[in-house]
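Participant:
Protein chains in written order, with our numbering: chain A, 394 to 594; chain B, 16 to 105.
1) Could you name the residues of the same chain whose beta carbon sits closer than 8 Å to that of residue 552/A, not counting the 5 residues immediately before and after it, in chain order?
2) Secondary structure at residue 92/B, three-state DSSP: helix, strand or coil?
3) Would you mind telling me which residues of chain B sit closer than 8 Å to residue 531/A, beta carbon to beta carbon, in chain order?
4) Scan the stretch 440-494 of chain A and note each continuous beta strand (DSSP E) run of 3 residues or more that stays entirely inside, going in chain order.
5) My output table needs one value for residue 67/B: the three-state DSSP class, helix, strand or coil.
6) Are the Cβ atoms of residue 537/A and residue 557/A separated by less than 8 Å?
7) Closer than 8 Å is the cut-off here; do at least three beta carbon pairs connect the stretch 557-572 of chain A with the stretch 525-541 of chain A?
8) Assign residue 39/B to one of two classes, buried (16 or more other C-beta atoms within 10 Å of its C-beta) or exposed (fewer than that).
9) Could you tell me the distance, in whole angstroms, from the CA atom of residue 438/A to the CA atom of residue 426/A?
10) What does residue 46/B reach in chain A if we use C-beta pairs closer than 7 Å?
11) Hey, residue 482/A and residue 452/A: beta-carbon distance below 8 Å or not?
12) Less than 8 Å between the C-beta atoms of residue 101/B and residue 80/B, yes or no?
13) Which class does residue 572/A belong to by DSSP, given the choice of helix, strand or coil?
14) Express the C-alpha separation of residue 544/A and residue 489/A in angstroms, rounding to a whole number.
15) With a threshold of 7 Å, establish whether the CB of residue 505/A neighbours any heavy atom of the ligand SAH.
16) For the alpha helix (DSSP H) that contains residue 430/A, what are its first and last residues?
17) In chain order, what residues of the same chain have a beta carbon less than 8 Å from the beta carbon of residue 430/A, not counting five sequence neighbours either side?
18) Output the boundary residues of the alpha helix (DSSP H) element that contains residue 554/A.
19) My guess is that residue 555/A and residue 517/A are in contact by the Cβ rule of under 8 Å, so how many angstroms apart are they, rounded?
20) Sorted by chain position, which residues of the same chain lie with C-beta nearer than 6 Å to residue 405/A's C-beta, five sequence neighbours on each side aside?
21) Report the neighbours of residue 62/B on chain A: residues whose CB is nearer than 7 Å to its CB, in chain order.
22) For residue 575/A, go through chain B and note every residue whose CB falls closer than 7 Å to its CB, in chain order.
23) At 8 Å on the CB atoms, spell out the chain C contacts of residue 569/A, in chain order.
24) Roughly how far, in whole angstroms, is the beta-carbon of residue 586/A from the beta-carbon of residue 472/A, given that I think they are within contact range, below 8 Å?
25) Along the stretch 75-104 of chain B, where does the CB come closer than 7 Å to a CB of chain A? Name the residues.
26) Between residue 418/A and residue 457/A, how many whole angstroms is the CB-CB distance? I'm expecting something under 8 Å.
27) Quick one: which residues of the stretch 494-521 of chain A get their C-beta closer than 7 Å to a C-beta of chain B? List them in chain order.
28) Give me the subset of the stretch 534-546 of chain A whose CB atoms are less than 9 Å from a CB atom of chain B, sorted by chain position.
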């Protein structure tokens, strides 16, 4: 069984990633702009506002709106899950740095194929962190299914699954693909090596 | 001049048809160090750069064709340089 992180692990990890990327976290439920986005998404029939505010973490620029307090576990967001979400969201920051914030936002909002590709890329972090922590591979199909909440086409989900299958094979062979996971794993190996599946702890 | 106008008209006609579908969605291939996946619109899109993969082995990882396994159907993936990477038939 993998060792569960402590609250101290989670807060130190979030602090380190924020310092590395220059990001800051904001409580999603109290952010007026997120309430507005939630209202808009409900109006256009993508998902209801409560679900958006309680279940989804959202990154805009270098602001990460989180529906939990890092280091405080909730039934929906356990401590390890909070660390994985941290890496996933910072991969979106990497995407913005790579493509430019405007291009990223425009493509994410206007192209379903691009939105699916950005999310599939970020879900690679979930595969990578899960493998580092447990030594097992998450189902690419189950991760791709999560894209149903993002208003993409069935064909986009199929393509995302293909992308995640390729990534899963690389991760299973011991590779790290995404820049955010490389940063995260380097920090974890130095500061929390006991969380790695092969630590023998 | 007529030739120029005819060329411009032909080009405009081609462009008006929109992007051409060049591959079947979810098809994969190796293109240099990249694994490419055919997107839902039928266009090749880079999915993974093997040159950027970090693993236990220092030499660059390579794009390989892989058979179907428990993770999914046959496709392509970045793998360590010491794996037996079969040559693909054209």
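Idealized CB from N, CA, C, for every residue including glycine.
Facilitator: So, to answer that:
1) Working through the first chain from its first residue, we reach residue 552/A at position 159. Same-chain partners within the cutoff: 506, 509, 510, 513.
2) Position 77 of the second chain, counted from the start, is the residue given in the question as residue 92/B. The DSSP-derived three-state label of residue 92/B is strand.
3) Numbered from its first residue, the first chain carries residue 531/A at position 138. By Cβ distance, chain B contributes nothing, its closest Cβ being about 10 Å from residue 531/A, past 8 Å.
4) Complete beta strand (DSSP E) runs here, min 3: 451-453, 456-459.
5) One-based indexing of the second chain puts residue 67/B at position 52. If DSSP states are grouped into helix, strand and coil, residue 67/B belongs with the helices.
6) Residue mapping note: residue 537/A aligns to position 144 of the first chain, counting from 1. Residue mapping note: residue 557/A aligns to position 164 of the first chain, counting from 1. Yes, these two residues count as a Cβ contact at 8 Å.
7) For the pair of segments examined, the stretch 557-572 of chain A was found to touch the stretch 525-541 of chain A: the number of CB pairs separated by less than 8 Å reaches three.
8) To locate residue 39/B, count along the second chain from 1; it is residue 24. Burial call: exposed.
9) As a working note, residue 438/A is residue 45 in the first chain. As a working note, residue 426/A is residue 33 in the first chain. For residue 438/A and residue 426/A, the distance between alpha carbons rounds to 18 Å.
10) For the purposes of this step, residue 46/B is identified with residue 31 of the second chain, where counting begins at 1. Near residue 46/B there are no residues of chain A at all, since even the closest Cβ is about 13 Å away, more than 7 Å.
11) Translated into the one-based positions of the first chain, residue 482/A becomes position 89. Translated into the one-based positions of the first chain, residue 452/A becomes position 59. It is a contact, given that the beta carbons lie within the stated cut-off.
12) As a position in the second chain, residue 101/B is number 86, starting the count at 1. As a position in the second chain, residue 80/B is number 65, starting the count at 1. Yes, these two residues count as a Cβ contact at 8 Å.
13) Locating residue 572/A in the first chain gives position 179, where the first residue counts as 1. Of the three classes helix, strand and coil, the one that applies to residue 572/A here is helix, per DSSP.
14) In the first chain, the residue the question calls residue 489/A occupies position 96. In the first chain, the residue the question calls residue 544/A occupies position 151. Per the coordinates, the alpha-carbon of residue 489/A lies some 20 Å from the alpha-carbon of residue 544/A.
15) Because no ligand of any kind appears in the structure shown, any question about the ligand SAH cannot be addressed here.
16) Position 37 of the first chain holds residue 430/A. According to the DSSP assignment, residue 430/A belongs to the alpha helix (DSSP H) that extends over 425-436.
17) By one-based count along the first chain, residue 430/A stands at place 37. Cβ within range, chain order: 445, 451.
18) For the purposes of this step, residue 554/A is taken as the residue at position 161 of the first chain. In the DSSP assignment, residue 554/A falls within the alpha helix (DSSP H) that extends over 547-565.
19) The count along the first chain starts at 1 and reaches residue 555/A at position 162. The count along the first chain starts at 1 and reaches residue 517/A at position 124. Actually they do not touch by this definition, with Cβ atoms about 13 Å apart.
20) To locate residue 405/A, count along the first chain from 1; it is residue 12. So no residue of the chain qualifies.
21) For this step, residue 62/B is matched to residue 47 along the second chain. For residue 62/B, the chain A residues whose Cβ falls inside 7 Å of its Cβ are 556, 559, in order along the chain.
22) Residue mapping note: residue 575/A aligns to position 182 of the first chain, counting from 1. 69, listed in chain order.
23) In the structure shown, chain C does not exist; the protein chains are A and B.
24) Counted from its first residue, the first chain places residue 586/A at position 193. Counted from its first residue, the first chain places residue 472/A at position 79. Residue 586/A to residue 472/A, Cβ: 17 Å. No contact.
25) Answer set for the stretch 75-104 of chain B: 76, 81, 86, 87, 90, 91, 92, 93, 94, 95.
26) Here residue 418/A refers to the residue found at position 25 when the first chain is read from its first residue. Here residue 457/A refers to the residue found at position 64 when the first chain is read from its first residue. Confirmed, about 5 Å.
27) Going along the stretch 494-521 of chain A in chain order, one finds 506, 510 with a Cβ nearer than 7 Å to chain B.
28) Under the 9 Å Cβ criterion, the stretch 534-546 of chain A contributes 534, 545, 546.
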